[in-house]
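Colleague:
Chains as they are written, first to last, in the numbering used here: chain S, 1 to 128; chain P, 129 to 460; chain F, 461 to 653.
(1) Buried or exposed: residue 140 of chain P, going by 16 or more other Cβ atoms within 10 Å of its Cβ?
(2) Helix, strand or coil for residue 3 of chain S, going by three-state DSSP, please let me know.
(3) Would you call the CB atoms of residue 392 of chain P and residue 362 of chain P closer than 8 angstroms?
(4) Quick one: grab the DSSP three-state call for residue 75 of chain S.
(5) If you draw a straight line from the C-alpha of residue 568 of chain F to the C-alpha of residue 47 of chain S, how long is it?
(6) Using only the alpha-carbon positions, how far apart do residue 477 of chain F and residue 552 of chain F sit?
(7) Measure the alpha-carbon distance for residue 142 of chain P versus residue 74 of chain S and round it to whole angstroms.
(8) Is the region 195 to 203 of chain P touching the region 261 to 269 of chain P in the sense that three or more CB pairs, one from each, lie closer than 8 angstroms?
(9) In the DSSP assignment, find the unbroken alpha helix (DSSP H) run with residue 456 of chain P in it and report its ends.
(10) What span of residues does the beta strand (DSSP E) with residue 342 of chain P cover, start to end?
(11) Under 8 angstroms, do residue 533 of chain F and residue 516 of chain F count as touching if we go by C-beta distance?
(12) Could you tell me the alpha carbon to alpha carbon distance between residue 624 of chain F and residue 68 of chain S, rounded to whole angstroms?
(13) Measure the Cβ-Cβ separation of residue 618 of chain F and residue 540 of chain F and say whether it is below 8 angstroms.
(14) In angstroms, rounded to a whole number, what distance separates the CA positions of residue 634 of chain F and residue 627 of chain F?
(15) Using a Cβ-Cβ cut-off of less than 7 angstroms, give me the residues of the region 27 to 60 of chain S that come near chain P, in sequence order.
(16) If you drop the 5 nearest sequence neighbours on each side, which residues of the same chain put their C-beta closer than 7 angstroms to that of residue 303 of chain P?
(17) Count the other CB atoms within 10 Å of the CB of residue 254 of chain P; is the residue buried (16 or more) or exposed (fewer)?
(18) Checking the sheet assignment: what are the DSSP bridge partners for residue 69 of chain S?
(19) Throw me the rounded Cβ distance for the residue 398 of chain P and residue 441 of chain P pair, which I believe falls under 8 angstroms.
(20) Under DSSP, the beta strand (DSSP E) around residue 449 of chain P begins and ends at which residues?
(21) Could you list the residues in the region 311 to 332 of chain P with a C-beta less than 7 angstroms from some C-beta on chain S, going in chain order?
(22) For residue 277 of chain P, collect the residues of the same chain with a Cβ closer than 6 angstroms to its Cβ; drop the 5 residues on either side in sequence, then sort them by chain order.
(23) For a contact defined as C-beta to C-beta under 9 angstroms, what are the partners of residue 122 of chain S on chain P?
(24) I need the straight-line Cα distance from residue 248 of chain P to residue 449 of chain P, nearest angstrom please.
(25) Can you say whether residue 289 of chain P is buried or exposed, counting buried as having 16 or more other CB atoms within 10 angstroms of its CB?
(26) What I want to know is whether the C-beta of residue 170 of chain P ends up closer than 7 angstroms to one or more non-hydrogen atoms of the ligand COA.
(27) Are residue 190 of chain P and residue 413 of chain P touching if we call contact CB-CB under 8 angstroms?
(28) In the DSSP assignment, what are the bridge partners of residue 383 of chain P?
(29) So, at 6 angstroms on beta carbons, what are the nonlocal neighbours of residue 58 of chain S in its own chain, with the 5 sequence-adjacent residues on each side left out?
(30) When the distance is taken between beta carbons, is residue 326 of chain P closer than 8 angstroms to residue 220 of chain P?
(31) Whose C-alpha, out of P/187, P/443, P/159, is nearest the C-alpha of residue 322 of chain P?
(32) Going by beta carbon distance, what residues of the same chain come within less than 6 angstroms of residue 163 of chain P, once the five residues before and after it are set aside?
(33) What number of angstroms, rounded off, separates the C-alpha of residue 328 of chain P from the C-alpha of residue 127 of chain S?
(34) When burial is assigned at 16 or more other CB atoms within 10 Å of the CB, is residue 451 of chain P buried or exposed?
(35) By Cβ distance below 6 angstroms, which residues in the same chain neighbour residue 105 of chain S in space, the five residues on each side in sequence not counted?
(36) Just to confirm, are residue 11 of chain S and residue 585 of chain F a CB contact at a threshold of 8 angstroms?
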């Protein structure tokens, strides 16, 4: 039984090394890319939406009760409509800083602001 | 053998790649997890060297919180609270429930009944958690607050005695705080020295944040997304109660979830109250009591608890900090 | 048994059908076996079933490779209870892209490459297909592309592995008369082809 390197031709090595090179280049590029602030939404236990905080978005997040509507604009990320009874989520102001959380508890929707670099935020946690 | 060297090189490259992917040891890692429980978002933050240890600590903390919630919440059929409410004269309770009730009774006495754990019927009547709550009739309210008060409960060891069968126990103003305290106990047990457990704004800050003391923003009661002020703490509990968290509006009036036991209606003295103290259960109970008492009597109550400080935002928006509050307030 | 000219004409087709059926069965078994093994990331697997797709490609042609790979995805999903689940669509797009890439590479550069090189490109195609499907169906955001380079890095190694296994298998199979390509004659005396 021949070993892999005995089987591999010059062409094979070219292909394999090129693919690995592309992969490593991609990894290096990502590692040096500037970090931004992200909005991460979970519906139940699954991540259902990810976006950059600095891009405008308007999206429906699906939960057992229906659709919770999330808007991201220059004010931050906030909920504009939700099928829950008491609309607590609507009264939670725009989430802007890393660690800020919004949630529609009855509809099992949670929105988190994440920051990949150590940006200076005015507080670590919010007491409300 | 001819294939040894390339194979070894290949394995070394792979191991180096995997090693590069792991963060360097010596760097501080932060684990941040959130879960929906107790009707709110509970967030656990833990920092340390060993990510595995931090994850395990957070897992066990969440599990313990879920277990205690099932014991202390009136939303579960088999909780101690529900059983007691349905019973004629009270009954045996778990040691955790007894601890919560003992602390609650103490605050109730000091606050002359402003903090009350017997409002179960009242809360059920107002039904703030329901789809379309409406303001109940005065007569119904009067009936719901009949016989309430800390005198109606007495604790003998693990046996709770209630004076009347209709009395319904509700630990809503203190249970969340106790549960957060127990979560911190779990984190400490796992050797975590820097972390926080935040249950919808009621939190405990363990140690310091890796780079500075914990900075906690206090929600502005009237400005969405606005901060009233920031406090800097270490190894302290911070609890805020506000009229903006759970409410409904009828005829232009806002009806929120913090009831005045004397009137059976939402307390009107404050917009929000923040308490900084040594454990969250006490903070939770005190914040509720202060909210009901209003700025003047509230600050008097706080003076009886030397280890605690608070900031009361009165109904007219004026700020009333307690004596020790400036120790915590960071410069604006 | 005597053999006639008609038998000779049907024999390669019959053999192909039988062996492809076996390849499919083997591919499905390998797929299921793999799915039982633990893996750090749920969809990061060695793709051993691709050994059979590659073998079909080399022993027969592109159509055979399509048959084996698509049938494997479908039957594998049916047996694992994942038909039309998100994971199924990921597997399907991965398989479609992988098979397309392998066929094209085999046809154009087949002379310069062994099964290992072809398999490596197939693995890259598979990774790309899966991420594309994940981008469309699961995480509707560009952030998913961030896992692409890492994913690609590891699938190249699994591609080399399956390519090598296919090469070994092919070497053995080609020694057997059933897989020898041309020169089938009908032996009048023994009645065997």
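In this text, a Cβ means the ideal position worked out from N, Cα and C, and glycines have one as well.
None of the values given here were measured: they were computed from a predicted structure.
Modeller: The relevant details are as follows:
(1) exposed
(2) coil
(3) no
(4) coil
(5) 41 angstroms
(6) 23 angstroms
(7) 44 angstroms
(8) no
(9) 453 to 456
(10) 342 to 347
(11) no
(12) 50 angstroms
(13) no
(14) 10 angstroms
(15) none
(16) 200, 201, 228
(17) buried
(18) S/60, S/81
(19) 6 angstroms
(20) 447 to 449
(21) 324, 326, 329, 331
(22) 241
(23) 343, 345, 355, 358
(24) 31 angstroms
(25) exposed
(26) Of ligands this structure carries none, so the ligand COA is not represented either.
(27) no
(28) P/376
(29) 71
(30) no
(31) P/159
(32) 170, 190
(33) 8 angstroms
(34) exposed
(35) none
(36) no
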